[in-house]
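Peer 1: Chains as they are written, first to last, in the numbering used here: chain A, 19 to 135; chain B, 1489 to 1627; chain C, 157 to 664.
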Amino acid sequence: MEILLAIMVGTLYAAGIYMILRRSLVKLIIGIILLGNGANLLIFLLGRIAKGQPPIIPEASKTFLEAYSDPLPQALILTAIVISFGLQSFAIILVKRAHKVVKTDDLDEMNATDEYS
Amino acid sequence: MRTLILKTASNYMLPLLLVFSVFILLRGHYLPGGGFVGGLIASIAFVLHAFANGLETTKELIRIHPGFLMPTGLGLAFVSGIGPLFTDKPFMTGLWFPELPPPLSVLGNIGTALFFDIGVYFVVLGVTLTIIFSISEST
Amino acid sequence: MTEQLLLYPLLLQMFLAIVLMFSWSRISWQKGISIIGSFLNLGVAVWLFSHVWENGTQTIQAGNWAPPFGITFVADSLSATLVLLTSIAGVAVSSFSSASVIPSRLKFGYFPIFHFLLLGLNGAFLTGDIFNLYVWFEIIIITSFVLLTIGGEKAQLEGAMKYFTLNILASVIFLTAIAVLYGLTGSLNMADLAGKVAAVENRTLIQVNALLFLIGFGIKSAVFPLYFWLPASYHTPPSAVSSIFGGLLTKVGVYALLRVFTLIFELDTFLQNVLLTIAVLTLFSGAIGALVQNNIRKMFSYLVICHIGYMIAGLGMMTEVAIAGAIFYLIHDILVKTNLFMVTGVIYKLKATNSMKKLGGLYADQPLLSLLFAIPLFSLVGIPPLSGFWPKLSLIGAGFETGNYVLIGAILFASFLTLFVVVRFWAEVFWKNGEKVEKIRNFPYFNKLRNYKKFQIIGPIVFLSIITLYVGFGAENIQALATRISYELMNSEGYIDAVFSNARIMEK
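1. Along the beta strand (DSSP E) that carries C/I227, what are the first and last residues, could you check?
2. Find the residues of chain C that neighbour B/T1581, judging by a C-beta separation of less than 7 angstroms, and give them in chain order.
3. In terms of alpha-carbon separation, which member of C/L370, C/E594, C/L303 and C/L496 lies closest to C/P381?
4. Put A/D126 into one of helix, strand or coil per three-state DSSP.
5. Comparing C-alpha positions only, which one of C/H207, C/I503 and C/N560 sits nearest to C/L431?
6. Nearest to C/A570 by alpha carbon, out of C/V477, C/L414, C/P547 and C/Y466?
7. I want to know whether the stretch 404-422 of chain C touches the stretch 496-516 of chain C - three or more CB-CB distances under 8 angstroms.
8. Measure the C-alpha to C-alpha separation of B/P1554 and C/I444 and round it to an integer number of angstroms.
9. Of all the options C/G553, C/I244 and C/L447, which has the alpha carbon lying nearest to the alpha carbon of C/A666?
10. Hey, quick one: how far does the beta strand (DSSP E) through A/I67 stretch, first residue to last?
11. By the DSSP assignment, the beta strand (DSSP E) with B/I1598 in it spans what residues?
12. Can you find a C-beta in chain B that's less than 9 angstroms from the C-beta of A/S107?
13. Given C/F267, which residues of its chain have a CB within under 6 angstroms of its CB, disregarding the five upstream and five downstream residues?
14. Assuming C/I244 and C/F229 are in contact, meaning their beta carbons sit under 8 angstroms apart, how far apart are those beta carbons, in whole angstroms?
15. Could you name the residues of chain B that A/I110 contacts, counting a contact when the two beta carbons are closer than 9 angstroms?
16. How big is the Cα-Cα spacing for A/R40 and A/D124?
17. Note down, in chain order, each residue of its chain lying with its Cβ closer than 6 angstroms to the Cβ of C/G97, except the 5 sequence neighbours on either side.
18. State yes or no: is the C-beta of C/T574 within less than 9 angstroms of the C-beta of C/L459?
19. For a contact defined as C-beta to C-beta under 8 angstroms, what are the partners of B/F1524 on chain A?
20. Any chance the stretch 636-648 of chain C sits against the stretch 525-545 of chain C, with 3 or more Cβ pairs inside 8 angstroms?
21. Among C/N288, C/L238 and C/I227, which residue has its Cα nearest to the Cα of B/T1581?
22. Anything in chain A within Cβ reach of C/G383, meaning under 8 angstroms, just list it in chain order.
23. What does a CB cutoff of less than 8 angstroms around C/T669 pick up in its chain, not counting 5 residues either side in sequence?
24. For C/K352, decide whether its Cβ has a neighbour in chain A, counting only Cβ atoms nearer than 9 angstroms.
25. Please report whether the beta-carbon of B/V1535 lies at a distance below 9 angstroms from any beta-carbon of chain A.
26. Mapping the DSSP letters down to three states, classify C/T215 as helix, strand or coil.
27. Looking at C/P107: is its Cβ nearer than 9 angstroms to the Cβ of C/G630?
28. Judging by CA-CA distance, which residue of A/K80, A/I111, A/G65 and A/L83 is the nearest neighbour of C/T341?
29. Name the chain C residues whose beta carbon is nearer than 7 angstroms to that of A/Y36?
30. For C/V208 and C/R580, what's the separation of their Cα atoms in angstroms?
31. Strictly below 9 angstroms CB to CB, what residues from chain A border C/I298?
32. Excluding five sequence neighbours on each side, which residues of the same chain lie with their C-beta closer than 6 angstroms to the C-beta of A/G49?
33. Which partner residues does C/D285 have in the DSSP bridge list?
34. For C/A218, which option in C/G351, C/L282 and C/T242 has the closest C-alpha, if you only look at C-alpha atoms?
35. Taking 8 angstroms as the limit between beta carbons, can you name the residues of its chain near A/V113, skipping five residues before and five after?
If you want it as structure tokens, here you go:
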């Protein structure tokens, strides 16, 4: 399971960076989304996976009796998902408006601010 | 997407989904659920309604501007956060009220965390609706 | 009251932002609330600063969870100083933007977003939890995107695309670094991490992780190979926005670098060399970039990059004197850069152009204003009694101590080039006989503004200039502060003890 997830994380990062390096605006957003998902999955993976062991103390005892899955990574992932939700929706609106104003999908054409003036 | 089936269904789905979102919101403290998920379900209810009946109808149905929900929710969350300051406990400490009498006890324990969650619910609803409305308006 | 003092800057900004959102369409209310609120925040920040100065590091555990499990907020001298500087810049920019930003931009929620940005900045400075730092960073970048794109001009959107992509990339790298750190140590509290990272056996992974943090924060603080988003975007928004960006945003990255590499990771020789190389190259490339620019705001954007190099150099040398120099430079730079971008805003209001070729004759037109503008300009260069001089003295002294002669060369070279750039700016904009610029109709020229608006624009520049003069002439006080901060950073036991011993956990 861990191996599978590790490969998945690597694939997501690689695909995300590949997409960001493309010239298209839409592919840029897809790349950002993939990268964000890769990072979330990485947090999940590094929080040590324990199958079927919810972090709940049985009513009779005061401490955990056996290994349990760490609840913190899930909270972190949830926070990260909420943040990336906001960022991505902003990105989509930004790309839409940029496409309307600049009238191109090609990032190489968007170089007006770098030109010497 | 103005099909009769979807239109009729969405009219029944809207109240159902809203009730479901409140249910998800209330069970959130000890079980899966909470303000974020509840807010998303509520916004999905409105988005579904907008798909079937058009954006204008949904806007009339909501009456207030969804952007107004954001400061409301933030304000509620803020107040629930600073509430503990007045009892000389750190910011965002959970305060719990005594248990409610039987008919209201379905709500579970009431505390500042619940009000924080309700705040999150409104913020998520407001943000999602604002984003989706502004994306679909400008096409 | 004072026990929870370090939360008040955050709570106040949050409260202001909420109130401002409620008065979304009433712009004149927003202006009043924002200015009054910023002054209140300044008062709270001064209170916090003096409290921390007298009583040492303050901590609070949000939600009453014992450290290291809950989110800790810590105000040591560095955090308190930066919160104070943020609120000073906040007062200045709030007043400046209420008169200089046009109403069609203000009505898209400029002021609420501005206060959310200040909330994010204060939060990033005050938090003691690395994941919480990430969250504050995200608040900062989301709000700065909105401020950057308000108005929706072509140049703004193009600049925002670059700003957006690279900053998101930085966030993802930062998040990856946090994930690896959590996997290695199982903790997120910075004070707790300090001990746990040192105990990890897999040093290679710690090295790689430290580099991930370096790259993530490096993009945010615009150091040498990672700065290209900055000159592409900082000259596009209204100058009020540029001034808060130029003054504070890159400094958050520097703050994070300072915090992470003094508290969590030990700098070994390799990392030190990396930092020093980055510092030298940043100093060179920023200064040379500024040299060729014709747009005055772009020129100052390159100077922002150039002067980040001084702070990175101070961190890289890692002696108490060097870090004190870096902290002094940080204090000086926030004040001066905020001020200079506001100066460019006034120049634009006077002449309706940013191009140095077209500008000119400002000294003949406005002698008093020109003299006022000379204060931040020459403080930036660091002509001896003014504020930019003293930190360079510490940095060069530390360079001799550690034997980094290349770095000393770079510092001197960058100082001379800064001098040259500023002198060129002065000659081109103030002394040269400018060609006749055609008057644009309906442009809100400075002379046409009402008197109270003129005051709102010039007042902040005077305010910041006075503080800059104080930093220069009262340098021994600032040096004492910088030395104390540097001592606290180099001896992080105080910080760690404050987090764990002051933990005030109350019985439920």
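Idealized CB from N, CA, C, for every residue including glycine.
Peer 2: Checking against the coordinates, here is how it stands:
1. Stepping through the third sequence from its first residue, residue 227 of chain C is reached at position 71. Note, C/I227: beta strand (DSSP E), I227 to A231.
2. Walking along the second sequence from the start, residue 1581 of chain B turns up at place 93. Result: G219 and N220.
3. Position 225 of the third sequence, counted from the first residue, corresponds to residue 381 of chain C. That would be C/L370, whose Cα lies nearest to the Cα of C/P381.
4. Working through the first sequence from its first residue, we reach residue 126 of chain A at position 108. If DSSP states are grouped into helix, strand and coil, A/D126 belongs with the helices.
5. On the third sequence, residue 431 of chain C is found 275 positions in, with the first residue counted as 1. Nearest of C/H207, C/I503 and C/N560 to C/L431, Cα basis: C/N560.
6. Within the third sequence, numbered from 1, the residue matching residue 570 of chain C stands at position 414. Considering only alpha carbons, the answer is C/Y466.
7. no
8. Taking the first residue of the second sequence as 1, we reach residue 1554 of chain B at position 66. Taking the first residue of the third sequence as 1, we reach residue 444 of chain C at position 288. B/P1554 and C/I444: Cα-Cα distance of roughly 49 angstroms.
9. The first residue shown for chain C is 157 and the last is 664, placing residue 666 of chain C beyond what the model contains.
10. What you label residue 67 of chain A is simply residue 49 of the first sequence in a count that begins at 1. From DSSP, A/I67 is part of no beta strand (DSSP E); its letter is neither H nor E.
11. Here residue 1598 of chain B is taken as the residue at index 110 of the second sequence, counted from 1. No beta strand (DSSP E) contains B/I1598, which DSSP labels as neither H nor E.
12. As a first step, residue 107 of chain A is located in the first sequence; it is residue number 89 there, counting from the start. Yes, A/S107 counts as interfacial toward chain B.
13. For this step, residue 267 of chain C is matched to residue 111 along the third sequence. L176, Q186 and S190.
14. Position 88 of the third sequence holds residue 244 of chain C. Position 73 of the third sequence holds residue 229 of chain C. Actually they do not touch by this definition, with Cβ atoms about 21 angstroms apart.
15. Taking the first sequence and counting its residues from 1, the one referred to as residue 110 of chain A is at position 92. Ordered by position in chain B, the residues that pass the 9 angstroms Cβ test against A/I110 are I1619 and I1623.
16. In the first sequence, the residue the question calls residue 40 of chain A occupies position 22. In the first sequence, the residue the question calls residue 124 of chain A occupies position 106. The straight-line gap from Cα to Cα measures roughly 9 angstroms.
17. One cannot answer for residue 97 of chain C here, as it falls past the ends of chain C, which runs 157 to 664.
18. Here residue 574 of chain C refers to the residue found at position 418 of the third sequence. Here residue 459 of chain C refers to the residue found at position 303 of the third sequence. Yes.
19. Within the second sequence, residue 1524 of chain B is the residue found at index 36, counting from 1. Here the neighbours are L96 and V100.
20. no
21. On the second sequence, residue 1581 of chain B is found 93 positions in, with the first residue counted as 1. Among C/N288, C/L238 and C/I227, the Cα nearest to that of B/T1581 belongs to C/I227.
22. Here residue 383 of chain C refers to the residue found at position 227 when the third sequence is read from its first residue. Per the sequence shown, the amino acid found at residue 383 of chain C is Tyr instead of Gly. Result: empty, since nearest Cβ-Cβ is about 13 angstroms, beyond 8 angstroms.
23. Limits of chain C in this structure are 157 at one end and 664 at the other, which puts residue 669 of chain C out of reach.
24. As a working note, residue 352 of chain C is residue 196 in the third sequence. Chain A contact via Cβ: absent.
25. Residue 1535 of chain B sits at position 47 when you count from the first residue of the second sequence. For B/V1535, the answer is no, since every Cβ of chain A falls outside 9 angstroms of its Cβ.
26. As a working note, residue 215 of chain C is residue 59 in the third sequence. Strand at C/T215.
27. The question about residue 107 of chain C has no answer, for chain C in this structure spans 157 to 664.
28. Counting from one through the third sequence, the residue named residue 341 of chain C turns up at place 185. Comparing Cα positions, the closest option is A/G65.
29. Taking the first residue of the first sequence as 1, we reach residue 36 of chain A at position 18. None at all; the shortest Cβ gap to chain C is about 13 angstroms.
30. Translated into positions along the third sequence, residue 208 of chain C becomes position 52. Translated into positions along the third sequence, residue 580 of chain C becomes position 424. So the two alpha carbons sit approximately 42 angstroms from each other.
31. The count along the third sequence starts at 1 and reaches residue 298 of chain C at position 142. Here the neighbours are I101, G104, L105 and F108.
32. Counting from one through the first sequence, the residue named residue 49 of chain A turns up at place 31. Cβ within range, chain order: G34, M37 and I38.
33. Position 129 of the third sequence, counted from the first residue, corresponds to residue 285 of chain C. In the DSSP output, where bridge partners are listed per residue, C/D285 has C/N345.
34. Within the third sequence, numbered from 1, the residue matching residue 218 of chain C stands at position 62. Here the closest residue by C-alpha is C/L282.
35. In the first sequence, the residue the question calls residue 113 of chain A occupies position 95. Taken in chain order, the residues that qualify are L43, V44, L46 and I47.
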